[in-house]
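Student: Okay, here's the structure, questions in a sec.
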Amino acid sequence: MKPVVVYTDPFWALEDGVVNPALADVEREVFGDRAELRFGVVENGAYVKSGKRFIDNLAGASALAVYRAQMTEEVYAAIRGEVKVIGRQGVGYDNIGVPFLEPNGIFGFNVPDYCVDEVSTHTMSLVLALERHVCLQNDHLKNGRWDIYDGGYPRRLQGLTAGIIGLGRIGKSTAQKIRNFYGQVIGYDPYVHGDQMIGYGVRKRHSLKEFLAEADVVILHCLLNDDTKDLAGEAFLAGMKSDALLVNTARGGLVDPKAVHDALAAGRIAGYASDVFSPEDPNEHEWNRKLLPFENVIVTSHRAFLSAESELSQRRRVAEEILHVLETGLPPRWGNLTG
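The opening residue of the sequence shown carries number 997 in the working numbering; numbering runs sequentially from there.
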């Protein structure tokens, strides 16, 4: 009997709000006739990512490929003894329920490096759009307002300091790109030694207070966990320069949107750009929604990772690792989250 691999919520399989199995060409190429593919339940054009219908669809599965669905303790209780491996279709793994993997005898993995270039490039796009007031100029000029001073004077970047929190793969890639624009790059990451940062043109700052007092733009590239949840809250923002910018291309849960709203409204920071929100769509959250009308706020739809090449690479790697685990019983070779 073929093992069943359930893709819980792959955006790439949706066509006009309906799952189209024919779009799983990469997956069919990898699995061939060695596994049966099943897709998540769709309702009103979107995947059901929790509740009874979601869990019932996992029955009989040997493996899961998870995009943004939350793997809770309730889900693990339902799949225990059947599912052998869970692959996270992305870099982050805060939604995969890592603490539940090993106790339930399930391997887990992510794809930590498939979109390093894309995310760092997107980060630079947001930073430079804020610095040069590109979106404000674009919106106003298209509505008939021609004024070279609209939005005020942009800053000369060579006299400024860019700050990066989280010097992992993406943080290092951003550092290498942003050093060509800003006069100095500093970093805050308790888990990365200053010697390693130097290799990427970054000067380590040993305290968050010291870092925030110096940075003219603060870029979030850190993981979301218990220590970093709502990191960019009231105290954090109060420690930033009043003319500093905040950019988040990591995880929505790193930022307290009410605190950012209040800081922007009071002029305590100069601008905010984000690709990520919690929940995903900022229009579905009271305080994220209130951020949208600010002219010095730029938002995108959690697409920093996206290119045709990165998406295809991620899909292929997830399928290959799942097949590897199912056929060998060995741990994942890449992105192993279970030791």
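From the three backbone atoms N, C-alpha and C, an ideal C-beta is built for every residue, glycine too.
(1) Looking only at C-alpha atoms, which of R1084, A1304, A1231 and N1279 sits nearest to A1059?
(2) What residues are listed by DSSP as bridge partners for R1034?
(3) Mapping DSSP to helix, strand and coil, what is Q1180?
(4) Going by the CB atoms, is the gap between K1205 and M1120 shorter than 9 Å?
(5) At the level of alpha carbons, what is the spacing between T1334 and G1104?
(6) In its own chain, which residues sit with a C-beta less than 6 Å from the C-beta of K1341, not counting the 5 before and 5 after it?
(7) So the beta strand (DSSP E) A1020 belongs to, where does it begin and stop?
(8) Which complete alpha helix (DSSP H) runs does the region 1019-1100 hold, if anything under 4 residues is left out?
(9) Checking 9 Å against the spacing of the C-beta atoms, do G1093 and R1247 come in under that value?
(10) May I ask you to report which of helix, strand or coil DSSP gives L1333?
(11) In chain order, which alpha helix (DSSP H) runs of at least 4 residues are fully inside the region 1215-1263?
(12) Check this for me: beta carbons of L945 and V1198, under 9 Å apart or not?
(13) Exposed or buried, what is A1061 when buried is set at 16 or more other beta-carbons lying within 10 Å of its beta-carbon?
(14) Using 10 angstroms around the beta-carbon of L1220, count the other beta-carbons present and answer buried if the total reaches 16, otherwise exposed.
(15) Go to V1130, then tell me how far its alpha helix (DSSP H) extends in each direction, as first and last residue.
(16) Beta-carbon separation of A1209 and Q1180 under 9 Å?
(17) Straight-line CA distance for K998 to D1271?
(18) Going by DSSP, what residue range makes up the beta strand (DSSP E) through S1306?
(19) Pull up the distance between the alpha-carbon of W1403 and that of V1130, whole angstroms please.
(20) Tell me the DSSP secondary structure of L1010 in three-state form.
(21) To test your reading of the DSSP string, which unbroken beta strand (DSSP E) runs of 3 or more residues are found completely within the region 1154-1214?
(22) For S1116, tell me which candidate among R1312, L1216 and P1328 has the shortest Cα-Cα distance.
(23) Quick one: what does DSSP say V1293 is sitting in, helix, strand or coil?
(24) If we count Cβ pairs, one from each stretch, closer than 8 Å, do we get three or more for the region 1033-1047 versus the region 1005-1023?
(25) Which residues in the same chain have their Cβ closer than 8 Å to the Cβ of E1032, if we skip the five residues on either side of it in sequence?
(26) Relative to the alpha-carbon of R1034, which residue among A1020, V1026 and A1042 has its alpha-carbon at the smallest distance?
(27) Go ahead and label L1288 buried or exposed: buried means 16 or more other beta carbons lie within 10 angstroms of its beta carbon, across all protein chains shown.
(28) Count Cβ pairs between the region 1186-1195 and the region 1130-1140 that sit closer than 8 Å; are there 3 or more?
(29) Shorter than 9 Å from the beta carbon of A1315 to some beta carbon of chain D?
(30) Give a single yes or no on whether V1079 has its beta carbon closer than 8 Å to a heavy atom of the ligand NAP.
(31) Just mark L1097 as buried or exposed, buried being the case when its beta carbon has 16 or more other beta carbons within 10 Å.
(32) In whole angstroms, what separates the C-alpha of G1101 from that of L1319?
(33) Just the Cα atoms here: how many angstroms apart are V1026 and V1314?
(34) Hey, quick one: how far does the beta strand (DSSP E) through A1269 stretch, first residue to last?
(35) With 16 other CB atoms within 10 Å as the buried threshold, where does R1152 fall?
(36) Would a C-beta distance cut-off of 9 Å place A1211 and A1255 closer than the cut-off?
Tutor: Once the coordinates are examined:
(1) R1084
(2) V1002
(3) strand
(4) no
(5) 6 Å
(6) The question about residue 1341 has no answer here: the residues shown for the chain are numbered 997 through 1335.
(7) That residue, A1020, is in no beta strand (DSSP E); it is neither H nor E in DSSP.
(8) 1021-1027, 1047-1052, 1069-1075 and 1094-1097
(9) no
(10) coil
(11) 1230-1234 and 1253-1261
(12) Given a span of 997 to 1335 for the chain in the structure shown, any question on residue 945 remains unanswerable.
(13) buried
(14) buried
(15) V1130 to K1138
(16) no
(17) 39 Å
(18) S1306 -> not in any beta strand (DSSP E); alpha helix (DSSP H) instead, spanning A1304 to T1324.
(19) There is simply no residue 1403 to check, as the chain begins at 997 and stops at 1335 in what is shown.
(20) strand
(21) 1157-1161 and 1180-1184
(22) L1216
(23) strand
(24) yes
(25) K998, P999, V1000 and V1001
(26) A1020
(27) exposed
(28) no
(29) You won't find chain D in this structure, because it holds only one protein chain.
(30) By its list of ligands, the structure shown contains no ligand whatsoever, and the ligand NAP lies outside what it can speak to.
(31) buried
(32) 17 Å
(33) 10 Å
(34) G1267 to S1270
(35) exposed
(36) no
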